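First comes the structure, then the notes that go with it.
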Amino acid sequence: MSPEHNAAANQFLEQARQAEPHITQSLRDIVGNNPGSELTGLEHRLKAEDSFKQKLFGSIDTYPNLSTAEHLAGMKDSVRYTMQSPEGLYSANTQRAIDNLIADGYEPVKFKNTWDQPGYQGINSFWRDPATGQTFEVQFHTPSSFDAKMQTHPLYEQERLPGISPQTAADLQQQQKHIFDSVPRPSGSSGISIPPNGGHK
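If you're matching positions, the sequence shown starts at 1 in UniProt numbering and goes up one per residue.
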């Protein structure tokens, strides 16, 4: 870790801290428009400094030819949220929340809906706040898919450890798949999406 990389990381985290209150209020308002939904784990909305730097420096080690700015551009979850909705309300509330984010001016950066696919169940989305340039993550879960995510996280972390054998990695993947296979799939969840052209006419 060079002093330059550390200073850049500190500046990036400070910008995230300054941008977060406005984004958090937007998410609170959106969830308020979706009865039955809630923001889960809101106390973790800012990624911890040590976790952020560990991820950043891992990226620098893996891709040493990229600039610091390019590495930081890939750090999209320094501000992150989880909206949890009951299974029966999940599809309608999640699609409405996505439409609300777009209506509020947030720009979709990346959207991944893995419902009905093998393994991880849920929606992970990344958005850009044009007012600050801050990118943030919003995950959409049911109580069951969120529990499965939390159960599998230690297995996922083990799978990513350097030097792990292919057989051990395969075993860990199978354990995760078994947990996610038990998650009920909400009706219509696989069709949740960003509107064409990001909702812009």
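Positions of the beta carbon are idealized from the N, C-alpha and C atoms, including for glycine. In this text the structure is predicted, and so the values were computed from the model without any measurement.
In this structure Ala-16 is buried. Its beta-carbon is surrounded by 16 or more other beta-carbon atoms within 10 angstroms. The beta carbons of Tyr-106 and Pro-186 sit no closer together than 8 Å. In the three-state reduction of the DSSP assignment, Ile-194 falls in the coil class, being assigned neither a helical nor a strand state. The three-state reading of DSSP puts Ile-123 in strand, counting E and B together.
8 Å or more divides the Cβ of Ser-190 from the Cβ of Asp-99. Counting only residues of its own chain and dropping the five nearest sequence neighbours on each side, Pro-184 has a CB closer than 8 Å to the CB of Glu-87, Thr-142 and Ser-144. Between Phe-111 and Gln-95, the alpha-carbon positions lie close to 12 Å from each other.
Cβ-Cβ distances below 6 Å link Ala-148 to Ile-179, Phe-180 and Val-183 in the same chain, with the five nearest sequence neighbours on each side left out; the list follows chain order.
For the pair of segments examined, the stretch 36–49 was found not to touch the stretch 157–167: the number of CB pairs separated by less than 8 Å stays below three. Between the alpha carbons of Thr-114 and Pro-64 lies a gap of roughly 31 Å. Ranked by how close their Cα comes to the Cα of Glu-38, the residues Pro-166, Gln-134, Tyr-81 and Pro-154 have Tyr-81 in first place.
Remark: C-beta atoms of Ala-9 and Lys-47 do not approach each other more closely than 8 Å. In the three-state reduction of the DSSP assignment, Asn-113 falls in the strand class, which pools E and B. Boundaries of the beta strand (DSSP E) around Tyr-81: 80–84. Boundaries cannot be given for His-44, as no alpha helix (DSSP H) includes it and DSSP labels it neither H nor E. The residue among His-22, Leu-56 and Ala-103 with its C-alpha nearest the C-alpha of Phe-12 is Leu-56. For the 8 Å CB-CB criterion, Thr-62 and His-5 do not form a contact. DSSP places Thr-135 within a strand segment (E or B) once states are collapsed to three.
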